[in-house]
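Per my numbering, the very first residue in the sequence shown carries number 765; after that it's consecutive.
Structure record follows, encoded as structure tokens.
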Amino acid sequence: MLLLSCYLGSRCKCCRNGIIEQIEFPEKEVIIVLREMQKGAVDAQSFENLRPRFEQIVLKLRNGSPIDAFRMNGQAVAEAMGDEEALSICEDIELRFSCPAAISGSGPAIAILCEPEQTEPVKQHLKSEGLEFVHTRTHHGVELHWEREEWE
Numbered sequence: 765m766l767l768l769s770c771y772l773g774s775r776c777k778c779c780r781n782g783i784i785e786q787i788e789f790p791e792k793e794v795i796i797v798l799r800e801m802q803k804g805a806v807d808a809q810s811f812e813n814l815r816p817r818f819e820q821i822v823l824k825l826r827n828g829s830p831i832d833a834f835r836m837n838g839q840a841v842a843e844a845m846g847d848e849e850a851l852s853i854c855e856d857i858e859l860r861f862s863c864p865a866a867i868s869g870s871g872p873a874i875a876i877l878c879e880p881e882q883t884e885p886v887k888q889h890l891k892s893e894g895l896e897f898v899h900t901r902t903h904h905g906v907e908l909h910w911e912r913e914e915w916e
């Protein structure tokens, strides 16, 4: 389960108070590409200009398509940040290996989601491109319960 939040907060038409919901996320191998660049400056207007796309992404999540939402969100964030290199790397990985890839958070790292049998070919390709990465995986073995007090 993932607890998701929306950057639009209470202004979003798809969720309330910025909290979307908990969703099921499939187990995947995760390769995080580390890029030696500074995190880009965030221009709020660039994100605001893409508001309709971010709202579509929230709907994808709510409709049970977290992988599509992951990919679409990463593409939209990279566009808002003007990160052409991230867009190029993600497109290359998706075309070569059919693995969804997306800029993580507001970058600069890139997350790639793979099936176990895809992991080694993807890692070999990244090495051949001179990219550094970390390999991990999603895990569903521990169930967390969150509780909080209501604001007074």
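C-beta atoms are modelled at their ideal positions from N, C-alpha and C, and glycine is treated no differently.
Can you say whether residue i is buried or exposed, counting buried as having 16 or more other CB atoms within 10 angstroms of its CB?
| i | result |
| --- | --- |
| Asp856 | exposed |
| Ser868 | buried |
| Pro872 | buried |
| Asp847 | buried |
| Asn918 | For residue 918 there is no data in the structure shown, the boundaries of the chain being 765 and 916. |
| Lys890 | Inspection of the sequence shows that residue 890 is occupied by Leu rather than by Lys. Buried, since its Cβ has 16 or more Cβ neighbours within 10 Å. |
| Thr900 | exposed |
| Gln809 | exposed |
| Thr902 | exposed |
| Asn837 | buried |
What residues match up with residue i in a beta bridge as DSSP calls it?
| i | result |
| --- | --- |
| Val794 | Leu877, Thr900 |
| Ala844 | For Ala844, which the question treats as bridged, DSSP gives no partner whatsoever. |
| Ala922 | The requested residue 922 does not occur in the structure, where the chain is confined to residues 765 to 916. |
How far does the alpha helix (DSSP H) with residue i in it reach, from first residue to last?
| i | result |
| --- | --- |
| Phe811 | 808–813 |
State the DSSP-derived secondary structure class of residue i, mapped to helix, strand or coil.
| i | result |
| --- | --- |
| Arg860 | helix |
| Glu884 | helix |
| Leu895 | coil |
| Met765 | Confidence in Met765 is poor, its pLDDT being 38 and thus under 50, which makes the residue's placement unreliable; the coordinate value appears in the next sentence. It is coil, neither helix nor strand. |
| Glu788 | coil |
| Ala805 | coil |
| Glu855 | helix |
| Glu800 | coil |
4-residue-minimum alpha helix (DSSP H) runs that sit fully inside the segment 815–840, ordered along the chain: If only uninterrupted alpha helix (DSSP H) runs of at least 4 residues are considered, those enclosed by the segment 815–840 are 815–826.
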